[in-house]
Amino acid sequence: MILVEKDSWISEDVDLNLHFPDINQNGHMYKLPKMILLATNFTNTAEHEKAKAVGFSVIMKPLRASMLAACLQQLIGIGNKSRGKDMCNGSPSLRGLLCGMKILVVDDNRVNRRVAAGALKKFGAEVECAESGKAALALLQLPHNFDACFMDIQMPEMDGFEATRRIRELESIANEQQNGVLNWDGGTKRHMWHMPILAMTADVIHATLEKCLKCGMDGYVSKPFEEENLYEAVSKFFESKPNSDK
Numbered sequence: 014m015i016l017v018e019k020d021s022w023i024s025e026d027v028d029l030n031l032h033f034p035d036i037n038q039n040g041h042m043y044k045l046p047k048m049i050l051l052a053t054n055f056t057n058t059a060e061h062e063k064a065k066a067v068g069f070s071v072i073m074k075p076l077r078a079s080m081l082a083a084c085l086q087q088l089i090g091i092g093n094k095s096r097g098k099d100m101c102n103g104s105p106s107l108r109g110l111l112c113g114m115k116i117l118v119v120d121d122n123r124v125n126r127r128v129a130a131g132a133l134k135k136f137g138a139e140v141e142c143a144e145s146g147k148a149a150l151a152l153l154q155l156p157h158n159f160d161a162c163f164m165d166i167q168m169p170e171m172d173g174f175e176a177t178r179r180i181r182e183l184e185s186i187a188n189e190q191q192n193g194v195l196n197w198d199g200g201t202k203r204h205m206w207h208m209p210i211l212a213m214t215a216d217v218i219h220a221t222l223e224k225c226l227k228c229g230m231d232g233y234v235s236k237p238f239e240e241e242n243l244y245e246a247v248s249k250f251f252e253s254k255p256n257s258d259k
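In terms of this note's numbering, the numbers along the sequence shown are unbroken and rise by one, the last being 259.
Here it is in structure tokens:
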């Protein structure tokens with residue numbers, strides 16, 4: 014098994030045009046090592062397609078034990094096959110939370126948008142994507158019908174922090190008009206607008222989380238999406254619908 018760092022495989026100076034087909038020698042088939050590409054992200058679809066064409070299985074960083082174990086099981090053909098089938102269909106627990114929910118995914122990277130949208134759609138969510146904070150702000154002018162927003166924090170022009178601050182300002186104005194006065198500290202007046210906004214980030218250090226919460230985000234989801242982390246994030250905001258997996 015070979016693990017390759019993406020930046021050493023695709024770079025301006027080195028183009029490791031690797032391809033390891035199985036070798037047939039003297040009538041015997043020899044299987045060469047499985048290859049895993051370690052990547053933080055892909056700058057374009059062509060990079061991802063090139064990796065697949067070469068024969069890489071891709072693991073997104075930061076590495077997690079569950080993700081690495083799942084990839085290794087898939088590569089060497091072991092593990093619970095029935096569990097794999099359930100995962101392909103999406104877990105009933107997550108489908109119960111996400112089925113029918115309209116979610117906005119905001120990320121300036123097209124590949125990241127496709128991956129995030131695909132993960133959410135697998136569990137029955139209706140997904141729309143925006144490529145920038147400004148585009149997200151345009152879609153989230155009140156009133157809108159989104160149930161939640163997954164927001165990348167590092168984007169050009171307007172990052173996820175600024176976009177979230179502006180979204181919360183719009184909600185505050187609407188709530189003030191609705192209630193007559195803002196009361197964010199648990200008073201009796203109910204606020205009509207507060208859409209859950211979850212940061213999408215590979216950087217989950219405490220300082221980053223504090224910055225997310227300070228600008229008005231409700232939490233975060235680690236990149237790449239893992240079922241357990243996704244469930245933990247959305248279960249705080251959505252109620253499960255028992256029959257949604259039928």
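The beta carbon of each residue, even a glycine, is placed where N, CA and C say it ideally should be.
With fewer than 16 other beta carbons inside 10 angstroms of its own, N158 counts as exposed.
Straight through space, the alpha carbons of I15 and F250 are spaced by roughly 41 Å.
Here the alpha carbons of G113 and E252 stand approximately 12 Å from one another. A straight line joining the alpha-carbon of G146 with that of G173 spans about 6 Å. Within a 10 Å sphere around the beta-carbon of K115 sit fewer than 16 other beta-carbons, which makes this residue exposed. In the DSSP assignment, I186 falls within the unbroken alpha helix (DSSP H) covering 173 to 192. Spatial neighbours of G232 in its own chain (CB-CB distance under 6 Å, excluding positions within 5 residues in sequence) are listed in chain order as L211, A246. By alpha-carbon distance to D165, the top candidate from S106, Y244, A130 is A130. DSSP, reduced to helix, strand and coil, places L153 outside both helices and strands of the structure shown, so it counts as coil. The beta carbon of T221 lies closer than 7 Å to those of T214 in the same chain, with the five residues before and after it left out.
Taken through DSSP and simplified to helix, strand or coil, K135 comes out as coil. For the pair A148 and E241, the Cα-to-Cα distance works out to about 29 Å. Distances from the alpha-carbon of D121 to those of L133, A161, A176 put A176 closest. Within 10 angstroms of the beta-carbon of E184 lie 16 or more other beta-carbons, which makes it buried. Per DSSP, E252 lies in no beta strand (DSSP E) and is assigned neither H nor E. In the same chain as L110, and ignoring 5 residues on each side of it, the C-beta atoms closer than 8 Å to its own belong to F136, Y244, V247, S248, F251, E252, S253, K254, in chain order.
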